[in-house]
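Residue numbers (the UniProt record's numbering): 1 to 361.
Glycine included, each C-beta is placed from N, C-alpha and C at the ideal position.
Being a predicted model, the structure only gives us computed values, none of them experimental.
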């Protein structure tokens, strides 16, 4: 039986409502996704036969071992621009042997702003002849191309795209680097950004953000606070965040290359970090009243949870309801949930993104 989008969304609503009922949250705000063309990223194997080359995915058998090759001619959950490009790219690859020889994967990264980066991955060394052909292809299809093989990365144009998102009437530009994390569902991402900004209303002080990535939430949230200190450990994400801050002409954000655990150590005076000194960041000069977190699936460590309990407000975006539920056992000892949201980033899967605003009791 085929389950409709509204049915699967209702199942998620019922699941998360029941799971979090012990915390007595307010009514759940639900932000649904478009039913089709919502993914801005897609990855396909390229499957070779004696007389053909086509996109493929694998369906794993119930025993978890055997895989069945599934031919993909269209991919309705991917952005329309990806669907439009797929057959054109395949036709060009087939027509140019140097581009199709031992290719085994094609990854698409699209934007609402119209840019497209395609990564072509090979089981062979990429030489100057390949690069010349790839440049011709990029110009013909008006896309950016990156070639990858073992120990090799060949950039044709750029290794990033620039997304533009409208958040409460203001356009924010984001550099999205190939292979770095970005929210795959741009339409739902806009809902998440606006919800977070609404949750941050009425602050007169500063914001601390942990796990800031490329500054996805940092940029619009900066309009709600005097100053923002954002932390991120991955160098590529820190670089993208700095670029995004500059491009959007925002002057009240500093980015510290620290993990959440390291920031806690620095804030509590347990360790000094040269990275903070080199970036001219004085943690003690901030007057924080709000902390924003968007942690990985594993959730938040105990020391960081203890740190968070000292803030007036906590805005928590979660990609794993189970670890959020576990973290809330600690956080609700000192805070109450005043906003609760479900963001359907991944329709037709079991994954749930959620958001809570906690305020000090």
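Per DSSP, reduced to three states, the secondary structure at residue 313 is strand. Bridge partners of residue 180 according to DSSP: none are assigned. Going by C-alpha positions, residue 144 is about 34 Å away from residue 298. Residue 70 sits exposed, since fewer than 16 C-beta atoms from the chains shown fall within 10 Å of its C-beta. As far as DSSP is concerned, residue 233 takes part in no beta bridge. Sequence-distant Cβ neighbours of residue 352 in its own chain, meaning closer than 7 Å and more than five residues away, are 12, 16, 321 and 342. The Cβ-Cβ distance between residue 23 and residue 324 does not fall below 8 Å. Taken in chain order, the complete beta strand (DSSP E) segments of 3 or more residues contained in the stretch 27–95 are 29–31, 41–48, 53–60 and 67–72. For a cut-off of 8 Å, the C-beta gap from residue 301 to residue 261 is around 6 Å, short enough to register as a contact. Exclusion of the five residues before and after residue 102 leaves 122, 123 and 124 as the residues of its chain whose Cβ lies within less than 8 Å of its Cβ.
Separation of residue 330 and residue 129 (C-alpha to C-alpha, rounded to the nearest whole angstrom) is 59 Å. Residue 161 and residue 133 have their C-alpha atoms roughly 21 Å apart. Residue 255: not part of any alpha helix (DSSP H); member of the beta strand (DSSP E) spanning 253–256, first to last residue.
Contact between the stretch 180–199 and the stretch 44–64 is absent, with fewer than three C-beta pairs closer than 8 Å. Going by DSSP, residue 149 is part of the beta strand (DSSP E) stretching over 144–149. When the beta-carbon positions are compared, residue 77 and residue 38 come within less than 8 Å of each other. Every alpha helix (DSSP H) of 4 residues or more that sits fully in the stretch 162–220 is shown, in chain order, as 186–199. Its Cα nearest to that of residue 218, the residue 315 stands out among 304, 269, 310 and 315. DSSP places residue 277 within a helical segment (H, G or I) once states are collapsed to three. The C-alpha of residue 259 lies about 12 Å from the C-alpha of residue 296. A Cβ-Cβ distance of about 7 Å is found for the pair residue 288 and residue 207, placing them in contact under the 8 Å criterion.
In the structure shown, residue 348 adopts coil according to DSSP, grouped into three states. In the structure shown, residue 336 adopts extended strand secondary structure according to DSSP, grouped into three states. Residue 353 is bridged by DSSP to 343. Burial is judged here by how many other beta carbons sit within 10 angstroms of a residue's own beta carbon; residue 335 has at least 16 and is buried.
DSSP, read as helix, strand or coil, puts residue 152 in strand.
With respect to the C-alpha of residue 237, the residue from 214, 250 and 231 having the closest C-alpha is 214. A straight-line Cα-Cα distance of about 43 Å links residue 233 and residue 95. The bridge partners DSSP lists for residue 288 are 206. With a 10 Å radius around the Cβ and a threshold of 16 neighbouring Cβ atoms, residue 170 comes out exposed. 307 is the residue among 281, 284 and 307 whose C-alpha sits nearest the C-alpha of residue 292. Counting the other CB atoms within 10 Å of its CB gives residue 115 a total of 16 or more, which places it among the buried residues.
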